[in-house]
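To start, the structure under review is shown below, and the notes come after it.
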Amino acid sequence: MSAARFLRQVAAGALTVNAVPHAVSALRGQPFPTPFADPPGRGLSSPAANIVWAAMNLAGAALLRRRPTATSARVAFGLGGLGMAFAVAQYFASVPAVHGKRGR
Numbered sequence: 001m002s003a004a005r006f007l008r009q010v011a012a013g014a015l016t017v018n019a020v021p022h023a024v025s026a027l028r029g030q031p032f033p034t035p036f037a038d039p040p041g042r043g044l045s046s047p048a049a050n051i052v053w054a055a056m057n058l059a060g061a062a063l064l065r066r067r068p069t070a071t072s073a074r075v076a077f078g079l080g081g082l083g084m085a086f087a088v089a090q091y092f093a094s095v096p097a098v099h100g101k102r103g104r
C-alpha cells in the first residue's frame, strides 16, 4: 500500500471516531464543543451543530475510505481510529464546558 493510501485510511479512521461523541451528544440533546463554537473547540455548540459536524466527519471518512480491501488498509483505518480516540479523550477531558464547568 502506498503512503498516500495509508494516510487516507488513517484519516478516515480518525474522522469516523471523531464523529461519535458529536453524534451521541446531539442525539442526547446535549451541547458539545465543535469548531463552530465560541471559542472554537472549547465553547459549546447546539445539538444541531453537532449533527452537522458529525455528518461532515462521516462524509469525509466515506470519501477517504473508498472500499479498501487490503488488510493493511483495514489496519491503517483502525490505527487512525485508535489514535483519534486517545486524542479526543485527552482533549475533551481538559475542556471545562464538557464537564459542566465554566470555561476560562
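For the record, in the sequence shown the residue sitting at position 87 is 87 according to UniProt numbering, with numbers rising by one throughout. Each residue gets a CB set at the ideal place from its N, CA and C atoms; glycine is no exception.
Simplified DSSP assignment, three categories, for Ser46:
Taking the first residue of the sequence shown as position 1, residue 46 is located at position 46. Coil, per DSSP.
So, under 8 Å CB-CB, Ala33 and Ala97 are touching, yes? Tell me the CB distance rounded to an integer number of Å.
Locating residue 33 in the sequence shown gives position 33, counting from the first residue. Locating residue 97 in the sequence shown gives position 97, counting from the first residue. Inspection of the sequence shows that residue 33 is occupied by Pro rather than by Ala. About 6 Å; that satisfies the 8 Å criterion.
Residues in the same chain with beta-carbon distance under 6 Å from Arg104, minus the five sequence neighbours each way, listed in chain order, please.
Here residue 104 is taken as the residue at index 104 of the sequence shown, counted from 1. Any reading at Arg104 is ruled out, since the residue's pLDDT is 46, under 50, leaving its predicted position unreliable.
Let me know the secondary structure DSSP gives Phe92 once reduced to three states.
If you number the sequence shown from 1, residue 92 lands on position 92. Helix at Phe92.
Are the segment 17 to 36 and the segment 48 to 68 in contact at 8 Å, needing three or more beta carbon pairs?
yes
What's the C-alpha gap between Leu15 and Leu58?
On the sequence shown, position 15 is the one that residue 15 refers to. On the sequence shown, position 58 is the one that residue 58 refers to. Cα to Cα, the separation comes out at about 6 Å.
Shortest alpha-carbon distance to residue 118 belongs to which of Ala3, Val17, Gly41?
Past the edges of the chain, shown from 1 to 104, lies residue 118, and the structure says nothing about it.
What separation, rounded to the nearest whole angstrom, lies between the Cα atoms of Thr71 and Met56?
In the sequence shown, counting from the first residue as 1, residue 71 sits at position 71. In the sequence shown, counting from the first residue as 1, residue 56 sits at position 56. Computed Cα separation, rounded: 26 Å.
Any idea which residues DSSP pairs Phe32 with across the strands?
The residue given as residue 32 occupies position 32 in the sequence shown. Beta-bridge pairing links Phe32 to Ser45.
May I ask which residues mark the beginning and end of the alpha helix (DSSP H) holding Arg8?
Indexing the sequence shown from 1 puts residue 8 at position 8. Per DSSP, Arg8 belongs to the alpha helix (DSSP H) from 3 to 27.
Coil, strand or helix - Ala85 by DSSP:
On the sequence shown, position 85 is the one that residue 85 refers to. In this structure, Ala85 counts as helix in the three-state DSSP scheme.
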